[in-house]
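A.B. asks: First to last, the sequence lines map onto chains A, B, C and D.
Quick note on the working numbering: the first sequence kicks off at 1 and runs consecutively.
Quick note on the working numbering: the second sequence kicks off at 1001 and runs consecutively.
Quick note on the working numbering: the third sequence kicks off at 2001 and runs consecutively.
Quick note on the working numbering: the fourth sequence kicks off at 3001 and runs consecutively.
By construction, the Cβ of each residue, glycine as well, lies at the ideal position given by its N, Cα and C atoms.
Since this is a predicted model, take the numbers as computed values, not measurements.
Number of protein chains: 4
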Amino acid sequence: ACLSTSATMAKSKFEYVRNFETDDSCLRNCYIVVRLDGRNFHKFAEHHTFLKPNDGRALGLMTHSARCVMAELEDVVIAYGQSDEFSFVFKKTSTLFKRRASKLMTHVVSQFSSSYVFYWREFFGDQPLLYPPGFDGRVVLYPSNRNLRDYLSWRQADCIFTNLYNTVFWALVQKGGLTSAVSVVLLKGTLAADKNEILFSEFNVNYNNESAVHRKGTILIWERQEETVKKRTKSPREEKETDATVTRSRRRVQEHHCDIIGEQFWQEHPDILEQDGP
Amino acid sequence: ACLSTSATMAKSKFEYVRNFETDDSCLRNCYIVVRLDGRNFHKFAEHHTFLKPNDGRALGLMTHSARCVMAELEDVVIAYGQSDEFSFVFKKTSTLFKRRASKLMTHVVSQFSSSYVFYWREFFGDQPLLYPPGFDGRVVLYPSNRNLRDYLSWRQADCIFTNLYNTVFWALVQKGGLTSAVSVVLLKGTLAADKNEILFSEFNVNYNNESAVHRKGTILIWERQEETVKKRTKSPREEKETDATVTRSRRRVQEHHCDIIGEQFWQEHPDILEQDGP
Amino acid sequence: ACLSTSATMAKSKFEYVRNFETDDSCLRNCYIVVRLDGRNFHKFAEHHTFLKPNDGRALGLMTHSARCVMAELEDVVIAYGQSDEFSFVFKKTSTLFKRRASKLMTHVVSQFSSSYVFYWREFFGDQPLLYPPGFDGRVVLYPSNRNLRDYLSWRQADCIFTNLYNTVFWALVQKGGLTSAVSVVLLKGTLAADKNEILFSEFNVNYNNESAVHRKGTILIWERQEETVKKRTKSPREEKETDATVTRSRRRVQEHHCDIIGEQFWQEHPDILEQDGP
Amino acid sequence: ACLSTSATMAKSKFEYVRNFETDDSCLRNCYIVVRLDGRNFHKFAEHHTFLKPNDGRALGLMTHSARCVMAELEDVVIAYGQSDEFSFVFKKTSTLFKRRASKLMTHVVSQFSSSYVFYWREFFGDQPLLYPPGFDGRVVLYPSNRNLRDYLSWRQADCIFTNLYNTVFWALVQKGGLTSAVSVVLLKGTLAADKNEILFSEFNVNYNNESAVHRKGTILIWERQEETVKKRTKSPREEKETDATVTRSRRRVQEHHCDIIGEQFWQEHPDILEQDGP
């Protein structure tokens, strides 16, 4: 009893330490981007024998985990992922967690990490997860639609660039029988056109026919969809129940693998970005 | 090819967006505390039928996940946990992730979250995890040993206070047959001494004999331990192998459930805190 | 010599303290507003017998000091002042002082303060400045044109509101012979229309005919102006010097006292705000 | 009336812009250092023909302006100045301006700037101030006494280093008749001992006899002083007034020009620094 009483008294005596917390709320009227990256995923991919240059199971699990984040946080208007990274864009007017940067980024990273482990089996089946993976995150603010689109373009350009490189590199190693070291040297200084040519001439691969998910990455957005549901109803007058077909409109996360650098995607989905105003 | 070329060019055109990132490195020579809390764990506990007032499996899993964080991040000098929260204290001189707050907190929260799911079965056996849980985190800086100790005292005082309350509350409900609402009303305004008295008179429970892990929470620190290992050796001269006993000193994470508000713990472990200097 | 040598050595030993400085650079692509306010100007005005409700000399000195700031810092696209406050708006794309908030605000406040003392005599003549006045400042970021215009509207609305109040208040005191206390009570709860009515019926003052500088505050912007200069020239062929009239275009700070809440001012000066972009 | 009414309504409509302000309060229990530097003082010194290597009038005016800052802000426990810079140290426990960095630094810089102009005549007599000078400022936090002392040592070591260099340089130019360029080349690579030797052999100057204010800079601290005041009193019983000598203790700013790198100064003034605590 004695200890507990003093503890209660002590609690108020210690509470001053809360004043050391700082307010890290994000500037208003800016897009809030949370980007997460896998930690040591080069090693993680090796330990779990990910296929090269792209592992469909791993990309699927990343996307599924990102969907879990969006399901929890409806203020995310678009997410873009490639390789072991994913970016989540919160709408300008979001007041989620009072826009506190620490809350936003830790929640995204936590939900993503626990989902990644939780859904592992759905994508890797009996291949066991050897240890819990780590992701880190950061917050960046973008004041204008132009800035935000340039951010997303930057990430997709990185995807395009990296994936072409990886595709040629692994073709040289896996099909061409070259060592990694030799392949690195050969590719030094080559342009995109050169890499396409090597793929086509040497390995009969037309890069543009490769899967869009690998070449373009994954875009997740909310879209309204009509759903037709059968509903058993009984009208007050009748005695028999009848089956009625009801159409409902629901917001669901949809997946795209298209270009987001150009105008077309944004013209087709005008609701993602808010107007910058007069 | 054309697309890829323009993408490469585009990449450098878009890279200016990196300048929108801000430097959030923590002030030097301060303890960095990352505290994480379960999100909606009240519901999570209900969904997973956690025992009341304390569930040994849940506390065990929290502690095990915290150990995973410490194993990854050796600059954590002490961690303290209770209920669905855990605080990790990085040493004053840590330069991990260049002391960037976002990296530190997201890494802790991510490792903790994925570990929580990964090790669920070890603590809950066949009882399934129904959905991936979420944790959020924050960073707080403490400049002096006194401030840091007051922070840890604040968290332990909260544990002592809350656990006594919960113990009486659930005794009234589970053993006393009262409703939650009535129990809340009864406990309003009672002091620690009153609660101890209720436990003792009504339920024959001496609170001070309750488990220390519930009353005091969990402290994790690094400690050197002597390990004796048998090693089979063959000296160059001899022909037979012999067994030698080798003693090694290893740093391992040790668990405590003692008082950290008073002086004794800190006197027994003088290496946890750095000297404030002249 | 000995001391100096050790000092040199010491210097490098102490330089680690620079790492405690933090980067406070402002988010890109946002307007940077530095607002300064007089410290204890209520008292300062009394000590220097400023006329009530408005002192032309004091307002003139404020505006002149603001011009000095703009002359030093060409990235200021518009400044707005009223009473003892002035706001300076840096263009979105400014990279002045690497956008460091501390440099921007201290420079503005310092230049303003030293100018205020330096030019005192030009506005107050032989009435002496009794002690050096103080101003404090802050930095606020606005991401969009709408936000910035709303900020400026907020300050002008404050000016309109405050000046109407002060005009009636001092009419009641100076012309009506009421005490301050009674005037405060009388004005409690009155609307703008009521105040206009009091001015008109009691004191035969049509508020809309009052000076615009008092009702609307002061706007400073850069404007191109044609200047005609006489230039004495001697052509290589001729022997006599001749006077030529040369017209040059120069950017100069111009003063306005108009409404900036509505659209007209912004339509007439389309160059102040940058386009938010596509 | 119509305009004013809408302005009042508008004011509340615009007030949302206040939410764009950020909280920049300084971490508790840290020393807050505000350092200010003259802007373009190299040119300012030339325009006002400051004596080289040190101008007593200019240093005196800097120190007097710093005293004005301290008189306004009693939480400054020590200030250190040299050349065209001054550092002000606020006590760890200060809650002035709620520890807001922007308020603290702008107030210091503003008070210093206006005082510099206000008191110019007291130091430069009839030599006119040609234009209002500018200073910029920054805020740095130091968590421990050691860090703070190292900061002050860093600034004094800079003073010692720079002043010795300047003394030799100007001796070579002014007394030795060398050009600036040649003097720079000659001094390249010389150690402190070399510079002392040059001063002594070539110019018969013993550097250690030079004025301490130049070699060590200026330290300002609060000190209690006994003041003896004559007070004319008349006791109720007597009829004649008598002169009584009353001793009062007053806190006043005192000036020192001694070493603050070593222990002695701090041992003699134990009240400047707060204890770091247990």
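Taking all protein chains shown into account, decide if residue 1201/B is buried (16 or more other Cβ within 10 angstroms of its Cβ) or exposed.
C.D. replies: So residue 1201/B ends up on the exposed side.
A.B. asks: Against chain C, with Cβ distances strictly below 9 Å, would residue 3111/D count as a contact?
C.D. replies: Residue 3111/D counts as touching chain C.
A.B. asks: Give the residues of chain A in contact with residue 2975/D, contact being defined as C-beta atoms less than 7 Å apart.
C.D. replies: Only positions 3001 to 3278 of chain D appear in the structure, and residue 2975/D is not among them; the question remains open.
A.B. asks: For residue 243/A, which residues does DSSP report across the bridge?
C.D. replies: 232/A, per the DSSP bridge assignment.
A.B. asks: Can you check whether the CB of residue 1161/B is closer than 9 Å to the CB of residue 1057/B?
C.D. replies: Not in contact: residue 1057/B and residue 1161/B (Cβ atoms no closer than 9 Å).
A.B. asks: Just the Cα atoms here: how many angstroms apart are residue 28/A and residue 3019/D?
C.D. replies: Those two C-alpha atoms are separated by around 8 Å.
A.B. asks: What does DSSP give as the partner residues of residue 2142/C in its beta bridges?
C.D. replies: DSSP lists 2031/C as partners of residue 2142/C.
A.B. asks: Please list the residues of the stretch 2116-2144 of chain C that have a C-beta atom closer than 9 Å to any C-beta atom in chain A, keeping them in chain order.
C.D. replies: The residues in question are 2141, 2142, 2143, 2144.
A.B. asks: What does the alpha-carbon distance come out to for the pair residue 1261/B and residue 1156/B?
C.D. replies: Going from the Cα of residue 1261/B to the Cα of residue 1156/B covers about 7 Å.
A.B. asks: Measure the C-alpha to C-alpha separation of residue 184/A and residue 193/A and round it to an integer number of angstroms.
C.D. replies: Rounded to the nearest angstrom, the two C-alpha atoms are 17 Å apart.
A.B. asks: When the cut-off is 9 Å and only beta carbons count, does residue 268/A lie next to chain B?
C.D. replies: Not one chain B Cβ lies under 9 Å of residue 268/A.
A.B. asks: Provide the residue span of the beta strand (DSSP E) that contains residue 3082/D, from first to last.
C.D. replies: It spans 3076-3082 - the beta strand (DSSP E) in which residue 3082/D sits, taken as one unbroken run.
A.B. asks: Determine the burial state of residue 1225/B: buried for a count of at least 16 other Cβ atoms within 10 Å of its Cβ, exposed for fewer.
C.D. replies: It counts as exposed.
A.B. asks: Can you tell me whether residue 2024/C is buried or exposed, with buried defined as 16 or more other CB within 10 angstroms of its CB?
C.D. replies: Buried.
A.B. asks: Nearest CA to the CA of residue 3129/D: which residue from 3048/D, 3146/D, 3173/D?
C.D. replies: It is 3048/D.
A.B. asks: Would you verify that the beta carbon of residue 2100/C is, or is not, closer than 9 Å to some beta carbon of chain A?
C.D. replies: Closer than 9 Å: no.
A.B. asks: So that I know if they touch, is there some Cβ in chain D lying closer than 9 Å to that of residue 2011/C?
C.D. replies: Yes, contact with chain D.
A.B. asks: For a cutoff of 9 Å on Cβ pairs, would you count residue 1020/B as touching chain C?
C.D. replies: So, interface residue.
A.B. asks: Less than 9 Å between the beta carbons of residue 1052/B and residue 1209/B, yes or no?
C.D. replies: Not closer than 9 Å, so no.
A.B. asks: Inspect the CB distances between the stretch 2028-2042 of chain C and the stretch 2083-2092 of chain C and report whether three or more fall short of 8 Å.
C.D. replies: A contact exists between the stretch 2028-2042 of chain C and the stretch 2083-2092 of chain C.
A.B. asks: Mind the definition here: the stretch 1131-1145 of chain B touches the stretch 133-143 of chain A only if three or more C-beta pairs lie below 8 Å; say whether that holds.
C.D. replies: Contact fails: fewer than three Cβ-Cβ distances are below 8 Å.
A.B. asks: So, with DSSP's three-state summary, where would you put residue 2257/C?
C.D. replies: The answer is coil: DSSP assigns residue 2257/C none of H, G, I, E or B.
A.B. asks: Do residue 1099/B and residue 1273/B have their C-beta atoms within less than 9 Å of each other?
C.D. replies: No. Outside cutoff.
A.B. asks: Would you check if the stretch 101-119 of chain A and the stretch 170-180 of chain A touch, i.e. whether three or more CB-CB distances between them fall below 8 Å?
C.D. replies: Segments in contact, no.
A.B. asks: Please compile the residues from chain A whose C-beta is within a distance smaller than 7 Å of the C-beta of residue 1014/B.
C.D. replies: Result: 150, 153, 154, 157.
A.B. asks: Give a yes or no on whether 9 Å exceeds the smallest Cβ distance from residue 2027/C to chain A.
C.D. replies: Taking Cβ atoms only, chain A reaches closer than 9 Å to residue 2027/C, which makes this a yes.
A.B. asks: Can you tell me whether residue 1258/B is buried or exposed? The criterion is at least 16 other CB atoms within 10 Å of its CB, across all chains shown.
C.D. replies: Exposed, since its Cβ has fewer than 16 Cβ neighbours within 10 Å.
A.B. asks: So who's on the other strand from residue 1249/B, going by DSSP bridges?
C.D. replies: Partner(s): 1226/B.
A.B. asks: If you drop the 5 nearest sequence neighbours on each side, which residues of the same chain put their C-beta closer than 8 Å to that of residue 1968/C?
C.D. replies: Missing from the structure shown is residue 1968/C; chain C here goes from 2001 to 2278 and no further.
A.B. asks: Assuming residue 2063/C and residue 2255/C make a contact with CB atoms under 8 Å, what is their CB distance in whole Å?
C.D. replies: So it is a contact: roughly 7 Å between Cβ atoms.
A.B. asks: For the stretch 252-266 of chain A, list every residue whose C-beta sits within 7 Å of some C-beta in chain C, in sequence order.
C.D. replies: For the stretch 252-266 of chain A, which is checked against every Cβ of chain C, not one residue is closer than 7 Å.
A.B. asks: For residue 2015/C and residue 3189/D, I'd like the C-alpha separation in whole angstroms.
C.D. replies: Their Cα atoms are separated by approximately 20 Å.
A.B. asks: Nearest to residue 1113/B by CA position, among 1067/B, 1275/B, 1168/B, is which residue?
C.D. replies: Ranking 1067/B, 1275/B, 1168/B by Cα distance to residue 1113/B puts 1067/B first.
A.B. asks: What's the gap between the Cα of residue 177/A and the Cα of residue 263/A?
C.D. replies: Rounded to whole angstroms, residue 177/A to residue 263/A spans 41 Å at the Cα level.
A.B. asks: By DSSP, does residue 2039/C sit in helix, in strand, or in coil?
C.D. replies: Residue 2039/C falls in the coil class under three-state DSSP.
A.B. asks: For residue 3169/D, which residues in chain C fall below 7 Å Cβ to Cβ?
C.D. replies: Within chain C, no residue comes near residue 3169/D; the closest Cβ sits about 15 Å away, beyond 7 Å.
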